[in-house]
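Asks: Residues 1211 to 1360, numbered by this note's numbering, are exactly what the sequence shown covers, in order. Beta carbons: idealized from backbone N, C-alpha and C, even for Gly. The structure displayed is predicted, hence computed values, not measured ones.
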Amino acid sequence: MKSFLKVVVFMGLSTGASLSQAACSFDVEVGDYLKFSAADMTVEKSCESITVNLTHSGKLPAKIMGHNWVLAKSSDVQVLATQGMSAGLAASYVPVGDDRVVAYTSVIGGGETTNVSFSTDGLTSGESYMFFCSFPGHSYSMRGTFNVNP
Ligand code: ZN
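In structure tokens form, the structure reads like this:
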């Protein structure tokens, strides 16, 4: 009975931490489905830089079920997702040189990992940001809110 309780408490803690955490470094997992492991993310402006580590734990290759992590203002997500489609896989489905893209990782397939680090200088606390996957057709399901605390 004692050990059973310990397991429950541990699971509760780890689930809470992965859903919403204020930190400077994040581990985000994706798989052979259209979902990020994090529903929302919160960063501190006081972090000098933010690092996002993306892991694809699925089996499908990048051209079939590729995922990336792209950060932009919420109001720019739709147009960036549309323009990213024509940019193609080689450009990670992100419009080349578009400064509305705050940060992005390359597109990865099953068994691969990637990461991106970016400065918090370009982030405004209180602004509405979203992270999303720009692989064609994924951005509607694969998105979440990105909060910037002062
Ligand atoms: Zn995706």
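1. Based on Cα-Cα distance, which residue from His1277, Thr1261 and Ser1338 lies nearest to lysine 1245?
2. When you measure from the CB of histidine 1266 to every non-hydrogen atom of the ligand ZN, does any distance come out below 7 Å?
3. Among the residues of its own chain, which have a CB less than 8 Å from the CB of valine 1306, if the five just before and after it don't count?
4. Got a list of residues with beta-carbon closer than 5 Å to any non-hydrogen atom of the ligand ZN, in chain order?
5. Apply the 10 Å Cβ neighbour rule to serine 1404 and answer buried if 16 or more other Cβ atoms are within range, or exposed otherwise.
6. Could you give the distance in angstroms between the alpha-carbon of threonine 1334 and the alpha-carbon of threonine 1252?
7. Taking the runs of the alpha helix (DSSP H) that are 4 residues or longer, which of them lie wholly in the stretch 1254-1290?
8. According to the neighbour-count rule (16 or more other Cβ atoms, all chains shown, within 10 Å of its Cβ), is isoleucine 1274 buried or exposed?
9. For valine 1304 versus valine 1287, is the C-beta spacing smaller than 8 Å?
10. Suppose you measure from the CA of tyrosine 1350 to the CA of alanine 1291; what does that come to, to the nearest Å?
11. Would you say aspartate 1250 and glycine 1332 are within 8 Å of each other, going by their C-beta atoms?
Replies: Reading from the atomic positions:
1. Numbered from its first residue, the sequence shown carries residue 1245 at position 35. If we check each option's Cα against that of lysine 1245, His1277 comes out closest.
2. Residue numbering aside, residue 1266 sits at position 56 when the sequence shown is read from its first letter. It does not: the Cβ of histidine 1266 is nowhere closer than 7 Å to a heavy atom of the ligand ZN.
3. In the sequence shown, the residue the question calls residue 1306 occupies position 96. Hits under 8 Å: Ala1297.
4. His1277, Cys1343, Phe1345, His1348 and Met1352
5. Residue 1404 lies beyond the stretch modelled for the chain, which goes from 1211 to 1360, so this question has no answer here.
6. Taking the sequence shown and counting its residues from 1, one reaches residue 1334 at position 124. Taking the sequence shown and counting its residues from 1, one reaches residue 1252 at position 42. Taking the straight line from one Cα to the other gives about 13 Å.
7. 1272-1275
8. To locate residue 1274, count along the sequence shown from 1; it is residue 64. Isoleucine 1274 is exposed by the Cβ-count criterion.
9. For this step, residue 1304 is matched to residue 94 along the sequence shown. For this step, residue 1287 is matched to residue 77 along the sequence shown. For valine 1304 and valine 1287, no; Cβs fall outside 8 Å.
10. On the sequence shown, residue 1350 is found 140 positions in, with the first residue counted as 1. On the sequence shown, residue 1291 is found 81 positions in, with the first residue counted as 1. Using only the alpha carbons, I get a separation of about 9 Å.
11. Residue mapping note: residue 1250 aligns to position 40 of the sequence shown, counting from 1. Residue mapping note: residue 1332 aligns to position 122 of the sequence shown, counting from 1. No, these two residues do not count as a Cβ contact at 8 Å.
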